[in-house]
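Participant: Residue numbers (the numbering used here): 2 to 363.
Don't be surprised by glycine CBs; every beta carbon is placed ideally from N, CA and C.
Note that the structure is predicted; figures quoted are calculated from it, not measured.
Below: one structure in structure tokens.
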Ligand SMILES: Nc1nc2c(c(=O)[nH]1)N[C@H]1C(S)=C(S)[C@@H](COP(=O)(O)O)O[C@H]1N2
Ligand SMILES: [Mo]
């Protein structure tokens with residue numbers, strides 16, 4: 002067993018702090034990801050909090066500063082459940098590293114994406130209870146895990162605009178798939194921001210602060226930003242580059258596995274697609290000839306708004322080496338870009354180029 006109850010075949014990018022993703026086939030076919038295959042992304046040592054003494058502070062541009070225990074949250078607000086997919090902005094970075102090296106960043110594959118049922122209370126309800134002031138434009142989150150990636154080291158944090166924070170899908174969650182949140186995933190309480198990069202779903206939450214400006218935290222102001230290709234990430238300062246919020250349209254092929262040997266002939270392909278924020282997946286196309294011709298895949302029924310959209314199709318595999326490509330379209334008519342070469346950026350975020358796997362039928 003890997004640490005933290007994860008499956009044995011996790012691809013471990015780092016032991017301390019633990020950073021790991023499952024193989025792509027472990028995600029195939031599941032509407033919600035088995036908890037032992039849910040990726041883990043950490044930037045500092047994992048905190049442990051005693052749920053009995055833990056408190057959440059709500060402060061900043063609010064009329065009433067709040068100090069809430071878990072009991073207070075349960076008693077004062079309605080419990081809600083949202084099924085949501087989390088995706089790290091570094092998902093598929095390996096495809097960018099193939100274009101040009103990205104020193105100091107882990108080569109994440111397609112597995113930094115996973116879905117769970119989350120339950121807790123709406124952030125909107127807590128903010129309304131605190132009396133949000135009209136000048137509160139951003140809601141910042143703070144956690145106690147101190148990250149050495151910032152210079153000097155800094156606790157993890159981030160923020161989202163008030164408009165998103167007041168949307169009903171944004172939760173302060175204490176349970177994952179109907180069980181208490183595991184420590185590695187943020188116990189006793191974490192933020193869940195469906196449709197936004199995983200970095201904003203702050204774990205081990207201790208403070209919610211209403212502000213006029215975005216959080217000045219390293220992970221909001223300096224990291225998780227798309228820098229121009231020629232920028233030196235070691236010299237990037239607060240405010241440089243494009244701040245990431247909503248997830249970019251993406252998809253992947255989950256089965257068969259990349260590199261699989263199969264008999265030629267009819268073969269079932271399955272995968273997922275994910276559109277950012279309130280966009281939806283409109284279509285997924287599959288190609289066996291590098292994008293010269295495309296066939297439409299079928300979208301599985303029953304997937305809900307804040308979760309990934311599974312798809313499947315059957316293709317007729319020819320003899321020999323075959324490259325299978327997939328691309329998704331969203332409800333705005335946007336489609337994924339073809340090549341990671343045009344997306345390369347110094348920190349290696351948002352590789353949403355066409356999904357590609359190689360199969361061998363000889
Ligand atoms: N406190 C804290 N919250 C955090 C992080 C972190 O390092 N510390 N990592 C973020 C990132 S980048 C991602 S992608 C998600 C991953 O959530 P998971 O580890 O539960 O999969 O948590 C986010 N929340
Ligand atoms: Mo992330």
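Indicate, with yes or no, if ligand 2 has a heavy atom lying under 6 angstroms from the CB of residue 200.
Facilitator: yes
Participant: CA-CA distance, residue 139 and residue 161?
Facilitator: 6 angstroms
Participant: May I have a chain-ordered list of the alpha helix (DSSP H) segments no shorter than 4 residues that lie completely inside the stretch 161-227?
Facilitator: Qualifying alpha helix (DSSP H) stretches, in chain order: 163-166 and 219-222.
Participant: Does ligand 2 have a heavy atom nearer than 6 angstroms to the CB of residue 226?
Facilitator: For ligand 2, not one heavy atom lies less than 6 angstroms from the Cβ of residue 226.
Participant: Check whether the Cβ of residue 42 sits closer than 6 angstroms to any heavy atom of ligand 2, and report yes or no.
Facilitator: yes
Participant: Once you ignore the five residues that flank residue 64 on each side, which residues in its own chain have a CB closer than 6 angstroms to its CB?
Facilitator: Result list for residue 64: 132, in chain order.
Participant: Ligand 2 heavy atoms versus the CB of residue 1: any closer than 6 angstroms?
Facilitator: Summary: the structure shown does not reach residue 1, with the chain confined to residues 2 through 363, and so no result is reported for it.
Participant: With distances taken between CB atoms, is the gap from residue 189 to residue 302 smaller than 7 angstroms?
Facilitator: no
Participant: Can we count residue 205 as close to ligand 1, meaning its CB is less than 6 angstroms from some heavy atom?
Facilitator: yes
Participant: Would you say residue 178 touches ligand 1, meaning its beta carbon is less than 6 angstroms from a heavy atom?
Facilitator: no
Participant: Tell me the DSSP secondary structure of residue 331 in three-state form.
Facilitator: In the displayed model, residue 331 falls within a strand according to three-state DSSP.
Participant: Which one of 47, 122 and 67 has the shortest CA to CA distance from residue 79?
Facilitator: 122
Participant: Buried or exposed for residue 195, please, with buried defined as at least 16 other CB atoms from any protein chain shown within 10 angstroms of its CB.
Facilitator: buried
Participant: Just the C-alpha distance for residue 81 and residue 290, rounded to the nearest angstrom, thanks.
Facilitator: 46 angstroms
Participant: How about residue 186: is its Cβ closer than 6 angstroms to a heavy atom in ligand 1?
Facilitator: Answer for residue 186: yes, Cβ within range of ligand 1.
Participant: Tell me which residues share the same chain as residue 204 and place their Cβ nearer than 7 angstroms to its Cβ, disregarding the 5 neighbours each side in the sequence.
Facilitator: 144, 186, 187 and 191
Participant: Can you list, in chain order, the residues of its chain whose CB lies under 6 angstroms from that of residue 242, leaving out five sequence neighbours each side?
Facilitator: The residues are 226, 227 and 228.
Participant: Take the Cβ of residue 317 as the centre, count every other Cβ of all protein chains shown within 10 Å, and call the residue buried at 16 or more, exposed below.
Facilitator: exposed
Participant: In angstroms, rounded to a whole number, what distance separates the CA positions of residue 240 and residue 172?
Facilitator: Whole-angstrom Cα-Cα distance: 27 angstroms.
Participant: When every heavy atom of ligand 1 is checked, does at least one fall within less than 6 angstroms of the C-beta of residue 50?
Facilitator: no
Participant: Suppose the cutoff is 8 angstroms on Cβ atoms and the five residues either side in sequence are ignored; what does the same chain contact list for residue 20 look like?
Facilitator: The beta carbon of residue 20 lies closer than 8 angstroms to those of 13, 14, 41, 42, 43 and 107 in the same chain, with the five residues before and after it left out.
Participant: Is any heavy atom of ligand 1 found at a distance shorter than 6 angstroms from the C-beta of residue 157?
Facilitator: yes
Participant: Is residue 99 near ligand 1, with its Cβ less than 6 angstroms from a heavy atom?
Facilitator: no
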